[in-house]
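Note sheet for the following structure.
Protein chains: 4
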Amino acid sequence: MSQKTRPAPPLETTHWFNTAAPPTLDGLRGRVVVIEAFQMLCPGCVSHGLPQAKRVFETFNGTDVAVLGLHCVFEHHEAQSPVSLEAFLHEYRIAFPVAVDAPDASAPLPRTMAAYGMQGTPTLVLIDRAGHRRAQHFGHVTDLKLGAEIMALIREGPAETR
Amino acid sequence: MSQKTRPAPPLETTHWFNTAAPPTLDGLRGRVVVIEAFQMLCPGCVSHGLPQAKRVFETFNGTDVAVLGLHCVFEHHEAQSPVSLEAFLHEYRIAFPVAVDAPDASAPLPRTMAAYGMQGTPTLVLIDRAGHRRAQHFGHVTDLKLGAEIMALIREGPAETR
Amino acid sequence: MSQKTRPAPPLETTHWFNTAAPPTLDGLRGRVVVIEAFQMLCPGCVSHGLPQAKRVFETFNGTDVAVLGLHCVFEHHEAQSPVSLEAFLHEYRIAFPVAVDAPDASAPLPRTMAAYGMQGTPTLVLIDRAGHRRAQHFGHVTDLKLGAEIMALIREGPAETR
Amino acid sequence: MSQKTRPAPPLETTHWFNTAAPPTLDGLRGRVVVIEAFQMLCPGCVSHGLPQAKRVFETFNGTDVAVLGLHCVFEHHEAQSPVSLEAFLHEYRIAFPVAVDAPDASAPLPRTMAAYGMQGTPTLVLIDRAGHRRAQHFGHVTDLKLGAEIMALIREGPAETR
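Chains as they are written, first to last, in my numbering: chain A, 1 to 162; chain B, 1 to 162; chain C, 1 to 162; chain D, 1 to 162.
Pasting the structure below:
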């Protein structure tokens, strides 16, 4: 794990796809949360980050692990609009909930991306059952390491608070 | 080769990227032309078709072989606009000329795609030095077979007319 | 996990490579043990099983997880002799300890392979800190699932007995 | 092509597999010959060289292109005996003819490997229809380039002599 334990900032979003009831981190308390922060025109997100997030979604039980996508547009804003994102999610068969990170009119980075101090995309964030951020990986993390990190958080148990 | 020899229909386009002087098939007479027909949100195009076209562009001499991309939007029109395409080409480091296939107000397929009878994307078209269409591959074609097909057309020689 | 908890049969071996002090399962008590059962001329072992075992060896701390190779020759005995295996391990840069499963003069399968009821190679066996067999995967298991399974055993803790 | 045109040295061999009638380069005159020089315990041969040779064998017509394997043992001689090679060819489903390069009692390299001046394995040699060596690639060559090189030799035509 690459980060000290601290509460995860709330998600600030403008749109949600693949969900009738947009989730919040507070509402997901009790589950491990895996956030895949991406941009639809980021080659590393398309070839590695998102396929890995799909594997996490397919491997772990939804009662233990929630997977969320977060579309953090910090470049090519007009090219990566919610309309384009919706078609992208359809074509790439992404089934887990995906949010659009809320733009900040006064800054280049969208709000959640800035609050998390992300350096770019893809970034994978792990949040424990108590709502604390426990890891944040910019770029590539292996499936073996990620599987181990997720299970370590699962095994802390639902009753544990930090 | 999967098609009988016949003249290749002209390209009907609305935009060009990566070129100051939009090419025409007539102007490319004397060279073998490889056309990669794709959509920017088509997963098979992104993972296989376009990387293969890049390898063709990097492997063969430009005086023998011209590589062109053709953005044939037949679905998700609003999501795959020229603005989005431009960002896509930048992010995916596509350096060869790419055209937008001209939409047809009265039909679902764009004009060049329809004229070539393409069944979908990715489709790879091979045109010989005399301007005749010699092969059209829908879906996957191996690099070994494609390298052989291109060389067969190169070796027909510039003086040959059909 | 695909198997009920039960003590792992002891390893019956004739040779060890990559170790000055041949390990025993009893001696490894307190650690999670990952056994990669393979044959050097088994294509699936070479392309998937052994590279995965190398990743496990490189990813987890040796104080928590011991990785062992077990050469279970049940076909092509003359072709897969210890002399050939030694060269194989050198060429494939396999650094963890590897044993030769003891042949059984009266049966086609070597002794440890038979005791574990393995169906073929590659087979990956997981043994917990208490020396109990907890999983046995014949064929492919994903890195994500394996990483999670190993961590689940690590987190049971050294003091736990079963 | 990386080499000047010159006649290919004859193959000096001790064993042949996958053929009832061991071929000679003279007997293959009129066809393009692709020789994959390998060692069965060479990881790059197993993961890249031999699979590529299989693709060549499956892609081109046998009347135009002959594919031969050549087992050039220059290290681990005892480990890579003909007995081990035979099991290897079976397990890896290699169907084209494979020869064992003749050892030279007075030198470390086997005879054909030395005559061709090979630097190691895998090495891929291309011989034209007239029996002249036209290319020799040590290490990786892309499928696209190889497909083009083979077709260039095919198109020289059976009547052409050099």
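Glycine is no exception: its CB is placed at the ideal position from the N, C-alpha and C atoms.
> Any residues in the segment 20-42 of chain B with a beta carbon nearer than 8 Å to a beta carbon of chain G? Which ones, in chain order?
Replying inline: Among the chains of the structure shown, chain G does not appear; the protein chains present are A, B, C and D.
> Taking the alpha-carbon positions, what's the Asp-101 (chain A) to His-15 (chain A) distance?
Replying inline: Start at 1 with the first residue of the first sequence, and residue 101 (chain A) comes out as number 101. Start at 1 with the first residue of the first sequence, and residue 15 (chain A) comes out as number 15. Computed Cα separation, rounded: 8 Å.
> Using 9 Å as the limit for Cβ to Cβ distance, is Met-118 (chain D) near chain B?
Replying inline: In the fourth sequence, the residue the question calls residue 118 (chain D) occupies position 118. So, not an interface residue.
>> Is there a Cβ of chain B sitting closer than 9 Å to that of His-137 (chain A), yes or no?
In response: As a position in the first sequence, residue 137 (chain A) is number 137, starting the count at 1. Answer no: the Cβ-Cβ gap between His-137 (chain A) and chain B never drops below 9 Å.
>> Between Leu-85 (chain D) and His-71 (chain D), how many whole angstroms is the CB-CB distance? I'm expecting something under 8 Å.
In response: Stepping through the fourth sequence from its first residue, residue 85 (chain D) is reached at position 85. Stepping through the fourth sequence from its first residue, residue 71 (chain D) is reached at position 71. Indeed they touch by this definition, with Cβ atoms about 6 Å apart.
>> My parser needs the alpha helix (DSSP H) runs of 4 or more residues fully inside the segment 56-134 of chain C; what are they?
In response: 82-91, 111-115
> So, Arg-129 (chain B) versus Glu-156 (chain B), is the Cβ gap smaller than 9 Å?
Replying inline: Along the second sequence, read from residue 1 onward, the residue named residue 129 (chain B) stands at position 129. Along the second sequence, read from residue 1 onward, the residue named residue 156 (chain B) stands at position 156. Yes.
>> If I measure Cβ to Cβ from Thr-24 (chain B) and keep anything under 8 Å in the same chain, skipping five residues before and after, which residues do I get?
In response: The residue you call residue 24 (chain B) lines up with position 24 of the second sequence. The residues are Pro-10, Leu-11.
>> Under 8 Å, with one C-beta from each stretch per pair, do the segment 40-60 of chain D and the segment 100-116 of chain D reach the 3-pair mark?
In response: no
> Nearest CA to the CA of Glu-91 (chain D): which residue from C:Asp-143, C:Val-46, C:Thr-112?
Replying inline: Within the fourth sequence, the letter at position 91 stands for residue 91 (chain D). Nearest of C:Asp-143, C:Val-46, C:Thr-112 to Glu-91 (chain D), Cα basis: C:Val-46.
>> Let me check you understand the geometry: is the CB of Leu-124 (chain B) closer than 8 Å to at least one non-hydrogen atom of the ligand GTP?
In response: This structure lacks the ligand GTP; in fact it carries no ligand of any kind.
> Grouping DSSP H, G and I as helix and E and B as strand, with all else coil, what is His-140 (chain B)?
Replying inline: In the second sequence, residue 140 (chain B) corresponds to position 140, counting from 1. His-140 (chain B): coil per DSSP, three-state reduction.
>> If you follow the beta strand (DSSP E) that Thr-14 (chain B) is in, where does it begin and where does it stop?
In response: Position 14 of the second sequence, counted from the first residue, corresponds to residue 14 (chain B). Where Thr-14 (chain B) is concerned, the enclosing beta strand (DSSP E) stretches over 13-17.
> Are the C-beta of Ala-152 (chain B) and some C-beta of chain D separated by less than 9 Å?
Replying inline: Within the second sequence, residue 152 (chain B) is the residue found at index 152, counting from 1. Judged by the 9 Å Cβ criterion, Ala-152 (chain B) is in contact with chain D.
> Listing by chain order, which chain D residues have their CB less than 9 Å from the CB of Ser-106 (chain C)?
Replying inline: Against the third sequence, residue 106 (chain C) aligns to sequence position 106. Under the 9 Å cutoff, chain D gives no residues; its nearest Cβ is about 23 Å from Ser-106 (chain C).
> What is the rounded straight-line gap between the Cα of Ala-20 (chain D) and the Cα of Glu-58 (chain D)?
Replying inline: The sequence position of residue 20 (chain D) within the fourth sequence is 20, counting from 1. The sequence position of residue 58 (chain D) within the fourth sequence is 58, counting from 1. Taking the straight line joining both Cα atoms gives about 20 Å.
> Do Ala-87 (chain C) and Val-32 (chain C) come within 9 Å of each other at the CB atom, strictly closer than that value?
Replying inline: The count along the third sequence starts at 1 and reaches residue 32 (chain C) at position 32. The count along the third sequence starts at 1 and reaches residue 87 (chain C) at position 87. Going by C-beta atoms, Val-32 (chain C) is not nearer than 9 Å to Ala-87 (chain C).
>> Check whether chain A comes within 9 Å of Thr-161 (chain C), counting only Cβ atoms and requiring the distance to be less than that.
In response: Reading the third sequence from its first residue, position 161 is the one you call residue 161 (chain C). Residue confidence is low: Thr-161 (chain C) scores 47 on pLDDT, short of 50, so the model does not pin down where it sits. Its coordinate-derived value is still stated next. Not closer than 9 Å to any Cβ of chain A, the Cβ of Thr-161 (chain C) fails to qualify, so no.
> Is Glu-149 (chain A) helix, strand or coil by DSSP?
Replying inline: Sequence index remark: in the first sequence, residue 149 (chain A) carries index 149 (1-based). Residue state, collapsed to three classes: helix.
> Using a Cβ-Cβ cut-off of 7 Å (strictly less than) and excluding sequence neighbours within five positions of Gly-120 (chain C), which residues of its own chain qualify?
Replying inline: Taking the third sequence and counting its residues from 1, one reaches residue 120 (chain C) at position 120. The residues are Phe-138.
> Near Pro-82 (chain D), which residues of its chain fall below 6 Å by C-beta distance, leaving aside the five closest residues on each side in sequence?
Replying inline: Start at 1 with the first residue of the fourth sequence, and residue 82 (chain D) comes out as number 82. His-15, Val-100.
> At which residues does the beta strand (DSSP E) containing Glu-156 (chain A) begin and terminate?
Replying inline: Within the first sequence, residue 156 (chain A) is the residue found at index 156, counting from 1. Element bounds for Glu-156 (chain A): n/a, residue is neither H nor E.
> Does the beta carbon of Ala-95 (chain D) come closer than 9 Å to any beta carbon on chain C?
Replying inline: Position 95 of the fourth sequence holds residue 95 (chain D). Ala-95 (chain D) does not count as touching chain C.
>> Cβ closer than 7 Å: which chain B residues qualify as neighbours of Leu-144 (chain D)?
In response: Your numbering for residue 144 (chain D) matches position 144 in the fourth sequence. Within 7 Å Cβ-Cβ: Arg-55, Val-56, Thr-59, Asp-143, Leu-146, Gly-147.
>> Within a Cβ cutoff of 8 Å, which residues of the same chain sit near Ser-2 (chain D), ignoring the five residues on either side of it in sequence?
In response: Along the fourth sequence, one-based indexing puts residue 2 (chain D) at 2. Only weak support is given to the placement of Ser-2 (chain D): the predicted model assigns it a pLDDT of 43, under 50, and the question is left unresolved by the model.
> From this set, C:Ala-152, C:Arg-111, C:Ala-114, which residue's C-alpha is nearest Leu-126 (chain C)'s C-alpha?
Replying inline: For the purposes of this step, residue 126 (chain C) is identified with residue 126 of the third sequence, where counting begins at 1. Ranking the options by Cα distance to Leu-126 (chain C), first place goes to C:Ala-152.
>> Taking a contact to mean a Cβ-Cβ separation below 9 Å, would you say Pro-22 (chain A) touches Pro-110 (chain A) in this structure?
In response: Sequence index remark: in the first sequence, residue 22 (chain A) carries index 22 (1-based). Sequence index remark: in the first sequence, residue 110 (chain A) carries index 110 (1-based). Cβ atoms of Pro-22 (chain A) and Pro-110 (chain A): not closer than 9 Å.
> Who pairs with Pro-7 (chain A) in a beta bridge, going by DSSP?
Replying inline: Here residue 7 (chain A) is taken as the residue at index 7 of the first sequence, counted from 1. In the DSSP output, where bridge partners are listed per residue, Pro-7 (chain A) has A:His-132.
>> Quick check on the burial criterion: 16 or more other C-beta atoms within 10 angstroms. Buried or exposed for Ala-95 (chain A)?
In response: On the first sequence, position 95 is the one that residue 95 (chain A) refers to. Answer is exposed; the Cβ neighbour count stays below 16.
> Taking Cβ positions, are Ile-35 (chain C) and Ala-148 (chain A) nearer each other than 9 Å?
Replying inline: Walking along the third sequence from the start, residue 35 (chain C) turns up at place 35. Walking along the first sequence from the start, residue 148 (chain A) turns up at place 148. Taking 9 Å as the Cβ cut-off, Ile-35 (chain C) and Ala-148 (chain A) do not qualify as a contacting pair.
> the segment 75-104 of chain A: which residues have C-beta closer than 9 Å to a C-beta of chain B, in chain order?
Replying inline: Glu-75, His-76, Glu-78, Ala-79, Gln-80, Ser-81, Val-83, Ser-84, Leu-85, Glu-86, Ala-87, Phe-88, His-90, Glu-91, Tyr-92, Arg-93
>> Tell me the DSSP secondary structure of Ala-20 (chain C) in three-state form.
In response: Indexing the third sequence from 1 puts residue 20 (chain C) at position 20. Ala-20 (chain C) falls in the coil class under three-state DSSP.
>> Checking the sheet assignment: what are the DSSP bridge partners for Ala-53 (chain C)?
In response: Along the third sequence, one-based indexing puts residue 53 (chain C) at 53. Note: Ala-53 (chain C) sits in no beta bridge, so no partner.
>> For chain B, check one thing: does any of its Cβ atoms lie closer than 9 Å to the Cβ of Arg-155 (chain D)?
In response: Translated into positions along the fourth sequence, residue 155 (chain D) becomes position 155. Output row for Arg-155 (chain D): interface = yes.
>> Just to check my reading of the structure: Asp-26 (chain A) and Asp-143 (chain C) have Cβ atoms closer than 8 Å, yes? What is that Cβ distance to the nearest angstrom?
In response: For this step, residue 26 (chain A) is matched to residue 26 along the first sequence. For this step, residue 143 (chain C) is matched to residue 143 along the third sequence. With a Cβ gap of about 32 Å, Asp-26 (chain A) and Asp-143 (chain C) do not count as contacting.
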